[in-house]
Every structure is written in structure tokens, then in C-alpha cells.
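What the sequence shown shows, in the working numbering, is residues 3 to 726, in sequence order.
We put the beta carbon where it would ideally sit given N, CA and C, even for glycine.
All values derive from a computational prediction rather than experimental measurement.
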Amino acid sequence: MKYTISTAHPSLLALLVAWIPAAQAQDPSVNRPEGESLFHHLSQTASDVRVVSVPNSPAWAITWSEQGANGAPEPYFSLSLDGDTFTDPKANDARVLLRFAEFDPLEALPAVPTTLHRPSGSSLHIVQFRTQGIEPYRETLRSMGVRLHLFLANHSHVVGMNAKQAEQVRSLPFVRWVGPFHVAYKFERGLLSADHPVWDESPTARFNMLTMERGMEGQEPVSQFIATIGGTVNQTTPETFLMSATLTRDQLLEVARLDHVQWIDVWGEPEHDMDIARQMHGSDYVQSVGGYLGQGVQVEVLDGGCDKNHPDLKKYKEHGPNSPGSHGTSTSGIVCGSGGMELRGGIVTIDRSGNWAARGVMPLARLVVADYANVSNRYKHTQDLQAKPYRCVLQTNSWGDPRTKNYTSVSQQMDLILFDFSRISILQSQSNAGDQMSRPQAWAKNIIAVGGVYHQDSLTKNDDSWSGGGSIGPAADGRIKPDLASYYDNILTTTIGGGYTSSFGGTSGATPIIAGHLGLFYQMWSDGIFGNPAPKTTVFANRPQNTTAKAVLINTATQWTFSGSNHDLTRMHQGWGHADLQTMYDQKDRMLVIDETDVLTETQATTYKVTVDGTTPLKVTMIYRDWPGTTGSSQHRINDMDLMVTDPSGRVYWGNRGLNNNMWSNAGGKANTKDTVENVFVQTPTNIGTWKVTVIASELNQDTHVETAALDADYALVISGIKP
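Listed below in C-alpha cells is the structure:
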């Protein structure tokens, strides 16, 4: 292969690719008869052009810089995995994105206290590639005996290797930099300071730790070391990376110096989050048109215990020890309080034992109750939840670990749970701080996080407001959160002692409202009303991927009207709106749903052609399940999949473009590189005809389609507002 540069015009530069026979690859004068093919056309001069090869692989990369609008050079790259087809050029951001610091390692390294340097004998390094990582790069490292531990944005991995291997890796043509993974990168700044609040009341504190290796392979050596230095191991989880221990400041530093440890943060005690909802969210509508009341749906309310003797909560199973609690009784009633409704011999009956006005969203669903105080292993608890006798399709949580603005070890574990158990949905209250301080579970990428909006006890949305109530986004890395929102105030529901309350609220109330409507979606999906296959006899057996459930719920949600980032109901306050089952049901015949059935390898794309008649808004939602994020990084997505929608005139809409500040998408711009949820909303499609919806696997750093051995990924896609 020969790369050439054309400078036929002083201000015009083209990077060209000419194909030559392999035997003549060393002869720069030989061209194939077909000639040269243009793959990038620049209007400014370019510099620092570099051809990057991969040993024993057909893959190539080209890097270069273009003169930007301000006259400064802007770096780009393009990739070819097969030695033939090149990707579109992408901006080349060479910063290493650590929570400790963001830096270009070839320009300046962050100052790290000597005590927090990588210890002598440690094998942990950061390896940064010249472009985004591709599998041929990683395979080359593995073939050299290098162990890849963590993806680290941008273009980097935390790896284990000895000094000799490190020198060999530095010499690889695709490697830009090799440096130490310091102890300082393993926890938040100041945690070891005597002034940190964690040390205020005791010389010891309990910490969560993530190990480099999953399960006891990583946790056992850490546990043994903690025992030898006099610390206390509080918990290990054989299924995940997470463990916890109680340590002094000196012991904490010793543990952080272990190569087995990737991250440490503070442990905390779990905490609570404190008839119109059925109308606004559409559950009354789907009951009237389809008889959907939650029949066959099993849902767990994981909360602070439930009054199992309440007359509206008769149909329940206990998942572990349960103590009566007011908060859990109220959240359970919102999801599936019966209101006196029962199903007898296939006939719905209503008696006077319950409160009809306080009935839940799914009065005929089966409730599973669990007390979070009695859950010691969240991973195992979720695994059991999908087995007999529970068979739950979703779980709702109006509690969580202590609030934070960061993606923590708890967030990481939740992403792992939802990655491994891909057919259960978990919902999480964002919390009630009125700012970005939120439950760490809500910052997980794969969860459904729920915010809150005051509805003033009225059906109209004209008087609704956020008003500094519920916790909000964005996430620390800029991702849109919450995912959805619902009522924050004046919710009539069950309470302990067999009674009722009309003042329940907070995101504690909003979350089970969304959960109940998601449960009705599962029932409708099991009926096959979206054109989906539903060959089994139960809701559980027919359940879709959790990405698909989330995508349908978001795609058909109704937004509160807003404009601008300073609006009271702006995107980071309301998420993508509130669940709307009337829209979901009415759009069922104008909808295309891809339930993770299509698979992409790195840099591949799939395009769907749909007919748009302009009679309703066009809404496109793409969600991909992502591997747990790297807690020590300031960017928490691992893979990057992009959504692109093209109208018949060629106008392009990228996922989430313009939607942070507006209800409807803006054309143009660039691909989103932050979110695992991407939307394109076109209010009035004026260009009727064939639209193209493209999903692109722009960057794959971790295999997420585990059914195959290849590095690949799948996704959920929902397109509504199309012609049947």
C-alpha cells in the first residue's frame, strides 16, 4: 500500500490511497491500474501526516493535522481495518481523561505527590494509542503477554506488563505513549488527607473497592493483604469487582498501592428518597382500549420493607426477610396497589376492601417485596429475582447509597448487573437534592434513572415545575440524566397500618409511577402488539432486552414544554419526559423496533430505510448496553455507537444534537460521543418520503455482544411516526 499527498493547489490538500500488489509494497513508484482514490478532501493545509501500521495485520491508520479556523493545528485520524476501506476522518483528542487530571501526555504530565506514585515493582501502566483503539492494536498487546485491565479515554488502556514488555510496547508504531498508572489515580483527591470528612469521627472508615480482576481472583489477594495489615474485610462479592473493607488512613494507602486494586471510594449506609398519574401517563387509556392492568407481570419493589397485611397489597411474594415499613408500603402501592380489584376466573372484580382512588398503575400485577437492609449481595439478589418463584421483569428502587456527583464503585456494579442480566429493567430514583447530588446507582449508564416534577395535584401540565426539587443532571461526564421524570408531589397511595396517604412524593414517588407504566409495556410486548414475536405463554418468557424496554419508553414519552438550558423544566431536569402509554399504544402500528437483533463489528454501520408521511412527529431512539465504566476516568462510556438520521434531501440529524436545550433536534453538527441513549426528534417532517436511519459502531473497546467470539456490539432501536 502507498499513501500519497496531493498539493496541486496551494490551499487544497487531498490525502490519497493507492493500492499496489503485496509483493511490490516496498516500491513507492508502483500503482494499481485503478489509480488513486480520494478519501479526504481538505480546504486548508495539512501537516504531521503519519501512516500507522499494525504488525501482522491488514489494519492501517493515518493521522494528520489540519489548520483550524483559529489558525491552530487540529489533529485527525482515519482507520482501515481491512486495508481497503477507510473510516470518515475523526477529530483526534489525545487527552488522557482521568478524574485526577485531564492531560495530553506528550505536552505535560500532572503533578503527583511522591507518596502516591506508582510503587516500585508495580506492573500497572497506561498505554495510549495514536488513534482510537481497535482490536488489532489490542491483539498485538495480548500476543506480547500484556494484560489489558481497563479502557481509559482517550485511546488508552490500563494494562499490566513488566519493564521489558513496556519497552517493546513503546516501540510499536501505533502506540503514542506509555506511562505509569499512579496510586493517585485510584481514588478522589483528598481522601487520604486528615481533613477529609470521612475521618472526622473515627480513625477508621469503611471503603468500597473495585479490583482489577473480577470475582475472588481479584478480591481474595486483596482480602488476604488486608488481614495481614490489621484491616477488616466487610464484604466480598464473588460475581463482581466490588468488595468493602474498614481501614485506617495508613492502611488505605497500603491497599491502594496493590496492583489488584483499580479504584477506592467511601462506603455509605443506604438511604430513602422521599388517580391523576394514571391519566397523564396513559395507564387508564391502555386499560380502556386493551384491558392492560398488569396481568401476568411480576415486579419487585426493593425498598425499606412493606406492610404485607395491607388490604391493597394482597398478591405478593417475599424475596428475603421483610419488615413492615411505611416507605416501602407506599412505593409498593404506587406500582400495584389493587384498589380492591381482583382477577377471579378470568373476570375482573372489585370489592370494598381497598381504596379505588389509591389503586396502583398495575392493580393486577404480582408484587415481590424485598427489604434492602437484608440484601447483602445485590448481584446475587438480582440473579435470583429472575428465577422461580419470582420471575420478575423489572425492579424499582426509591432508595440508594449516599448521594454523589460522581460515577462510583456502586455505579460500576449496577452497570455490571444490568450488563450481565440483560432482560430485567431496573429503575432508580435520582434523589431529592435539587442539584446534581444523586444516588450513585442513578449515574449508571444501563439503568433507568427517574427525576421529579411538581404537578400541583392537577392533570394539566401548564402549572408543572421542577422548582429545585428533584436531583438533576448532567452526569459528571456530561451524560443526560435523569432518563425520565414523573410526579414529585401529592401522590395518593398506601401506607403502613392498612391506611393511605395523599402526601407521598419526591423521586420516591416518581420512580414507581414510571416502573408501573414500564410493567404495562412488558404486558403489551408479550401480546405482540408492536409487531414483535411473542411465542411464549408468559410475560417473563416473552420479555425483550432491557435496552429495548427503555428505548420504547423513552421514544414514546411526552416532554414537558421547555426551551433553553436555563428553563425550569430543561432537559437535565426532566430527562426525556414522562412515560405516555397512550402515545405508545397509538403509535404501535407506526413503529419499527429492533430488539438487539442486529450486530455490528467495529466501525461498521447498518442503515434502515423508512417511509415518513409527515402526519406525526418522527422520533428515533437508539440505546446500547455498555460495559461498566472506568471509575478513575472522567468519561464513563466504554464503547461509542452513534445514531444518524438523513432526510430525503440529504439533511443529517445526529443523535441528541440540539436536544440538551430544545424539545426537537437540530440538523447538522457532529456525532454524540457521551451518551449511550441517543435520540432524534423531528417535530414536523416536511420532507416526506424515504428517510434513512443509520446506527454506527464508531468505537468498540469492549465486546458487548457476548454471544459471539468476535468484538462486536448490538443495540435497541425504536423508530416511531413512520408509515405502516
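Where residue i falls: helix, strand or coil (DSSP)
i, result
"V337", "helix"
"Y318", "strand"
"V171", "helix"
"W62", "strand"
"D437", "coil"
"S122", "coil"
"F243", "coil"
"L461", "coil"
"A718", "strand"
"L366", "coil"
"Y287", "helix"
"Y489", "strand"
"E302", "strand"
"P12", "With a pLDDT of 29 at P12, under the threshold of 50, the modelled position of this residue cannot be trusted; read the value that follows with caution. Coil at P12, not helix or strand."
"Y655", "strand"
"V708", "coil"
"H198", "coil"
"K694", "strand"
"T678", "coil"
"P57", "coil"
"W666", "coil"
"W445", "helix"
Other residues of its chain near residue i: CB distance less than 6 Å, five sequence neighbours each side excluded
i, result
"S413", "P442, W445, A446"
"E680", "M624, L645, G657, N658, N674"
"T406", "P442"
"A96", "D106"
"F683", "K621, W666, S667"
"I556", "W578, T623"
"V612", "W693, I721, I724"
"Y457", "What sits at residue 457 in the sequence shown is His, not Tyr. Cβ within range, chain order: D466, Y489."
Euclidean distance between Cα positions of residue i and residue j
i, j, result
"D649", "S55", "37 Å"
"T513", "S204", "36 Å"
"D628", "N674", "15 Å"
"G511", "S400", "8 Å"
"Y287", "Q584", "6 Å"
"V32", "S49", "Summary for V32: the model assigns pLDDT 25, below 50, so the residue's position carries little reliability; its value from the coordinates is reported in the next sentence. Cα to Cα, the separation comes out at about 24 Å."
"E344", "M364", "11 Å"
"P546", "F423", "12 Å"
"T248", "Q561", "45 Å"
"M593", "S722", "4 Å"
"P223", "T250", "19 Å"
"M245", "G347", "49 Å"
"T503", "L260", "52 Å"
"V654", "G670", "6 Å"
"D600", "D716", "6 Å"
Exposure of residue i, with buried meaning 16 or more beta-carbon neighbours within 10 Å
i, result
"K590", "buried"
"G604", "In the sequence on display, residue 604 carries Glu and not Gly. Looking at its Cβ environment, which holds 16 or more other Cβ atoms inside 10 Å, E604 is buried."
"E241", "buried"
"Q281", "exposed"
"S8", "Low confidence applies here, because S8 scores a pLDDT of 35, under 50, leaving its location unreliable; read the following figure in that light. Exposed, because fewer than 16 other Cβ atoms sit within 10 Å of the Cβ of S8."
"M526", "buried"
"G652", "exposed"
"M146", "exposed"
"I228", "buried"
"N311", "exposed"
"K188", "buried"
"L108", "exposed"
"V708", "exposed"
Beta carbon proximity, residue i to chain D, threshold 9 Å
i, result
"A435", "No chain D appears in this structure, which consists of one protein chain only."
Proximal residues to residue i (C-beta, below 8 Å), its chain only, five neighbours per side dropped
i, result
"V2", "Residue 2 is absent from the structure shown; the chain starts at 3 and stops at 726."
"R2", "Any question about residue 2 goes unanswered here, given that the chain covers just 3 to 726."
"I531", "G292, Y587, K590"
Proximal residues to residue i (C-beta, below 7 Å), its chain only, five neighbours per side dropped
i, result
"A103", "P112"
"E677", "Sequence inspection shows Asp at residue 677; the Glu mentioned does not correspond to that position. Taken in chain order, the residues that qualify are R481, I482, N658."
"F153", "H159, T632, I640, N703, Q704"
"W179", "P107, L108, Q130"
"F421", "N448, R627, W629, P630"
"D582", "H283, G284, T558, A559, T560"
Subject >> Ranges of the alpha helix (DSSP H) found wholly within the stretch 551–626, counting only runs of at least 4 >> reply: Correct list: 573–576, 583–588.
Subject >> Any beta strand (DSSP E) of 3 or more consecutive residues that is wholly inside the stretch 368–442 >> reply: Secondary structure in the stretch 368–442: the beta strand (DSSP E) runs of 3 residues or longer, each lying completely within the stretch, are 368–373, 396–399, 427–431 in chain order.
**OP:** Write down every uninterrupted run of the alpha helix (DSSP H) in the stretch 200–279 whose length is 4 residues or greater and which is fully enclosed by it, in chain order.
**Re:** Correct list: 218–230, 251–258.
**OP:** Kindly provide the ranges of any beta strand (DSSP E) runs that are 3 or more residues long and lie completely inside the stretch 495–554, ordered along the chain.
**Re:** The beta strand (DSSP E) runs lying completely inside the stretch 495–554 and spanning 3 residues or more are 501–506, given in chain order.
Original post:
Where are the beta strand (DSSP E) runs, 3 residues long or more, that stay fully inside the stretch 134–163, in chain order?
Top reply: Those beta strand (DSSP E) runs which fall completely within the stretch 134–163 and span 3+ residues are 149–154, 158–162.
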